[in-house]
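Note sheet for the following structure.
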Amino acid sequence: MKHSMEGLHYKSLKTIRVDIEQDIISNIAEIKSSKNNYWIAPGLVDLQVNGFRGKDFNQEDTNIEDVELITKYLWETGVTTYFPTLITNSDANIRHSIKNIVHAFKEKSIKETIGGIHLEGPFLSKENGPRGAHPLEFIQAPNWDLFCKWQEIAEGKIKMITLSPEWLASTAFISKCVDRGVVVAIGHTAASPAQIQEAVAAGASISTHLGNATHAMLPRHSNYIWEQLASEGLWSTIIADGFHLPDSLLKVLLKVKPEMTVLVSDATKFAGMKPGRYHSHIGGDIELDQQGRLFMKDSPDFLAGSAKSLLDCIENLSNRQITSLAKAIDMASIKALEAIKARPSFGLEIGKKADLMVFEQVEGKINIVQTIKAGKIVYSRT
Numbered sequence: 045m046k047h048s049m050e051g052l053h054y055k056s057l058k059t060i061r062v063d064i065e066q067d068i069i070s071n072i073a074e075i076k077s078s079k080n081n082y083w084i085a086p087g088l089v090d091l092q093v094n095g096f097r098g099k100d101f102n103q104e105d106t107n108i109e110d111v112e113l114i115t116k117y118l119w120e121t122g123v124t125t126y127f128p129t130l131i132t133n134s135d136a137n138i139r140h141s142i143k144n145i146v147h148a149f150k151e152k153s154i155k156e157t158i159g160g161i162h163l164e165g166p167f168l169s170k171e172n173g174p175r176g177a178h179p180l181e182f183i184q185a186p187n188w189d190l191f192c193k194w195q196e197i198a199e200g201k202i203k204m205i206t207l208s209p210e211w212l213a214s215t216a217f218i219s220k221c222v223d224r225g226v227v228v229a230i231g232h233t234a235a236s237p238a239q240i241q242e243a244v245a246a247g248a249s250i251s252t253h254l255g256n257a258t259h260a261m262l263p264r265h266s267n268y269i270w271e272q273l274a275s276e277g278l279w280s281t282i283i284a285d286g287f288h289l290p291d292s293l294l295k296v297l298l299k300v301k302p303e304m305t306v307l308v309s310d311a312t313k314f315a316g317m318k319p320g321r322y323h324s325h326i327g328g329d330i331e332l333d334q335q336g337r338l339f340m341k342d343s344p345d346f347l348a349g350s351a352k353s354l355l356d357c358i359e360n361l362s363n364r365q366i367t368s369l370a371k372a373i374d375m376a377s378i379k380a381l382e383a384i385k386a387r388p389s390f391g392l393e394i395g396k397k398a399d400l401m402v403f404e405q406v407e408g409k410i411n412i413v414q415t416i417k418a419g420k421i422v423y424s425r426t
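For the sequence shown, my numbering begins at 45 and goes up steadily by one.
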């Protein structure tokens, strides 16, 4: 039995049957007997995850078990594929983080869930604003030999890299990455419109959290945000947590690129944690308020990253009526895989393994009932 992607987005389990393993069929039968209204949709795909619930891919003391825990925490939020994201750091720390992630691939379900490593830096802008919270001391120009050493340690698992094309070596570097199957994203940049165009011509295909990590003031017409938004060759990823971008800008971004926009969480280790004051290895003293806004304790107007999950971003877009629930899920699943030219694996054909989430919606809140990865239940609320 085949089902279209569009038809699967928001179908009740009372009316749809998906060809998946028998143990899941029996679990679905139990769900169907419930009085609650459950729905089935593609599993979520998050291209940018720095950490979750107290664990961080970038910290020196992070180990293999932490990588496994982050993966299991993400299953609870409906994520079936994600990219551990390593930010600008020392060579030694990046090597350490890569090794942890690669070694975690030994467990089958973990390996299948990690789509690849996203390297966000260190080839970014040095300028305040575009650099964001990335440490200046480790920012550098694109270095192909260094990248190849990291890729060797990663056993080819670095599948995506965010860089700024303002560096002279950027164009050649981008071409080499693309030739080897690495998706190149433009982000944390102070590049000129011409440099953006050159990067796209060289093979850059996506913008990392467009609208964030920018200067506070920009030329009104000629700037790197407009240029990326206008480029028909660039997908856009956005953080729709309710804090990183205002509703008006989210609406504009979705209208300009309705079929080429992807939701990412850019979650830090503070996602899923209780409100309170914390200390971050990159932001110093920070605070997480009751609404989930993460900010610098001494500069409350400045965000200290995201403390929301991809599921939270979907809820925000839907509840604020910025887009429909079905389209929000689409941007957080199918569109993400399209953007990186990966083959969707949602189990919508006979013989295919299913990547799905079963959920209920209660007063605008999405509650995950089950998460199914490659035909196996990896999380069940019951």
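Glycine is no exception: its CB is placed at the ideal position from the N, C-alpha and C atoms.
Practice prompt. Report buried or exposed for Asp333, applying the criterion of at least 16 other Cβ atoms within 10 angstroms of its Cβ.
Written response: exposed
Practice prompt. To the nearest angstrom, report how far apart Leu400 and Ser214 are at their CA atoms.
Written response: 38 Å
Worksheet item: By Cβ distance, which residues of its chain are closer than 7 Å to Gln195, with the 5 residues on each side in sequence left out?
Response: Ile202
Worksheet entry | Whole-angstrom distance between Gly336 and Ser362, CA atom to CA atom | 17 Å
Discussion item. To test your reading of the DSSP string, which unbroken beta strand (DSSP E) runs of 3 or more residues are found completely within the stretch 79-114?
Written reply: 82-86 and 88-93
Worksheet entry | C-alpha distance - Asn256 paired with Ile282, whole-angstrom precision | Spanning the alpha carbons of Asn256 and Ile282 requires a straight line of approximately 8 Å.
Worksheet item: Quick one: what does DSSP say Glu181 is sitting in, helix, strand or coil?
Response: helix
Worksheet item: Are the CB atoms of Trp279 and Ile250 nearer to each other than 8 Å?
Response: Annotated as proximal: Trp279 and Ile250, with beta-carbon spacing under 8 Å.
Fill in: Pairwise C-alpha distance: Gly225 and Trp188
15 Å
Worksheet item: Closest to Gln166 by CA distance: which of Ala370, Phe127, Gly200 and Asn102 is it?
Response: According to the sequence provided, residue 166 is Pro. The question's Gln does not apply to it. Minimum Cα distance to Pro166 is reached at Asn102.
Worksheet item: How would you call Ala234, buried or exposed, if buried means at least 16 neighbouring beta carbons within 10 angstroms?
Response: buried
Worksheet item: Skipping 5 residues on each side, what residues in its chain have a beta carbon closer than 6 Å to that of Ala246?
Response: Thr215, Ile218 and Ser219
Worksheet item: Straight-line CA distance for Met317 to Ser353?
Response: 11 Å
Discussion item. From the DSSP secondary-structure annotation, give me the bridge partner or partners of Pro128.
Written reply: Looking at the DSSP assignment, Pro128 forms a beta bridge with Val93.
Item to complete: Give the secondary structure of Asp329 by DSSP, where H, G and I count as helix, E and B as strand, and everything else as coil.
Response: Under the three-state reduction of DSSP, Asp329 is assigned to strand.
Worksheet item: So what does Leu338 bridge to, in DSSP terms?
Response: Leu332
Practice prompt. Would you give the residue range spanned by the beta strand (DSSP E) that His308 belongs to?
Written response: Residue identity differs from the one stated: residue 308 is Val in this sequence, not His. Run containing Val308: none; DSSP gives neither H nor E here.
Worksheet item: Who does Phe403 pair with in a DSSP beta bridge?
Response: Trp83 and Ile412
Fill in: Cα-Cα separation, His323 to Met340
10 Å
Worksheet item: For the alpha helix (DSSP H) that Trp194 lies in, which residues bound it at each end?
Response: Trp188 to Ile197
Discussion item. Counting beta carbon pairs with one atom in the stretch 342-350 and one in the stretch 121-141, are three or more of them shorter than 8 Å?
Written reply: no
Worksheet item: Per DSSP, which one or two residues make a beta bridge with Ser251?
Response: Beta-bridge analysis with DSSP links Ser251 to Ile230 and Ser280.
Worksheet entry | Cβ neighbour criterion (16 or more within 10 Å) applied to Glu303 | exposed
Item to complete: Note down, in chain order, each residue of its chain lying with its Cβ closer than 6 Å to the Cβ of Thr115, except the 5 sequence neighbours on either side.
Response: Ile154 and Thr157
Item to complete: Please name the residue, chosen from Ala243, Thr258, Pro186 and Val111, that lies closest to Lys150 on a Cα-to-Cα basis.
Response: Val111
Worksheet item: Whole-angstrom Cβ separation of Leu180 and Lys170, contact assumed at under 8 Å?
Response: Between Lys170 and Leu180 the Cβ distance is about 6 Å, and since that is below 8 Å, they are a contact.
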